[in-house]
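Notes for the one structure printed next.
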Amino acid sequence: MAEKEKKKKKKVIDLLFITSCISTWLVLLLIALVCMLLLSAGKLSSSLRQEMTVEVILNEGVQNAQVLSLEQALKTEPYCLELKHITKEQALEDMSAQMGTDPSMFLGYNPFYASLEMKLQPDYACSDSLEWIAKQIGAMENVSEVTWQKQLMDIVNSNISKIAGVLFILALILSLVSVALINNTIKLTIYSQRFTLYSMKLVGAKWSFIRRPFIWRNALIGIVSALLTCATIWFGMKYAIRQEPWLVMLSGKEIMIPTMAVVTLTGLLITCLCALHSVNRFLRMKSGELHFV
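Residue numbers for the sequence shown follow my numbering, so the first one is 380 and each next one is one higher.
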């Protein structure tokens, strides 16, 4: 009879363990998705900023040696990511291809100037930095004018800030909801053993001794749930990329590794802290209070 009760109790505990793992896994999956969105937004922001170009228009009749000297000077600047020299002839050829006709045919001369196209480091791709950069480059020798797409730059930076703000608020809300859900799940598993906790306290067991198995058990739940979440993300992304190749931008190491690290730490910390809080709560209760919880 005692052996039957023992087996029945073990089955209940195993069922609670599996249920807790599934609940925590689902919550961590939500956290992982929001984390990936935040990181991918940062990656997209960096990519868009890198595509922003500053056009340095050179003086008429500038010599190749002077252009080379200017290129070397600009490449040493911290804001310069990439530099490309466009000659007058190349500018005319590119514009002729876009227009479908050669402007020099009816003007009688090449109306374009030689220029340098400079891509910026992402940290410098904002209006305030560009104003300063334009003044610095404009003061250099053989530079006629410095131009960039100011309106487009402002729109991109504004939209990126809005998206990042919305994602941050969403991440904060989901984090609070996640903590509440995991806490309730753990509280329910410990609730079923509240009288066992009280009995152990009555026989003189130390609180640290009573807490230890519950914290270890829930730490295991956190680790198992985190591993399930990481595996789900990994295989889910592999499948999603086969269906939609553009999603490959979400599967880079700079996104996947931090996401998995956040999921693992979150799963471990939340489950352990919630278990500690729940056990302490029941240990503080008196015998009569345990019946009315």
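No residue lacks a Cβ here, since even glycine has one placed at the ideal position from N, Cα and C.
Counting beta carbon pairs with one atom in the region 452-467 and one in the region 498-515, are three or more of them shorter than 8 Å? With three or more CB-CB distances shorter than 8 Å, the region 498-515 counts as touching the region 452-467.
When burial is assigned at 16 or more other CB atoms within 10 Å of the CB, is T575 buried or exposed? So T575 ends up on the exposed side.
Three-state secondary structure (DSSP) of T480: Reduced to three states, the DSSP call for T480 is coil.
Tell me the DSSP secondary structure of V525 in three-state form. Judged by DSSP in its simplified three-state form, V525 adopts strand.
I need the DSSP call for E434, collapsed to helix, strand or coil. Three-state result, E434: strand.
Need the endpoints of the alpha helix (DSSP H) that L453 sits in, please. It spans 443-454 - the alpha helix (DSSP H) in which L453 sits, taken as one unbroken run.
Could you pull out every residue in the same chain whose Cβ sits closer than 7 Å to the Cβ of V582, ignoring the five residues on either side in sequence? Here the set comprises nothing.
For H464, the residue or residues it bridges with in DSSP: DSSP output for H464 lists L495 as bridge partner(s).
Could you please give me the residues that DSSP links to C459 through a beta bridge? Answer by DSSP bridge pairing, in chain order: L499.
For L408 and N659, I'd like the C-alpha separation in whole angstroms. Here the alpha carbon of L408 sits roughly 28 Å from the alpha carbon of N659.
Which of the three DSSP states, helix, strand or coil, is assigned to Y488? Y488 falls in the coil class under three-state DSSP.
Which one of E510, D481, A559, I569 has the shortest CA to CA distance from W595? The candidate whose alpha carbon is nearest that of W595 is I569.
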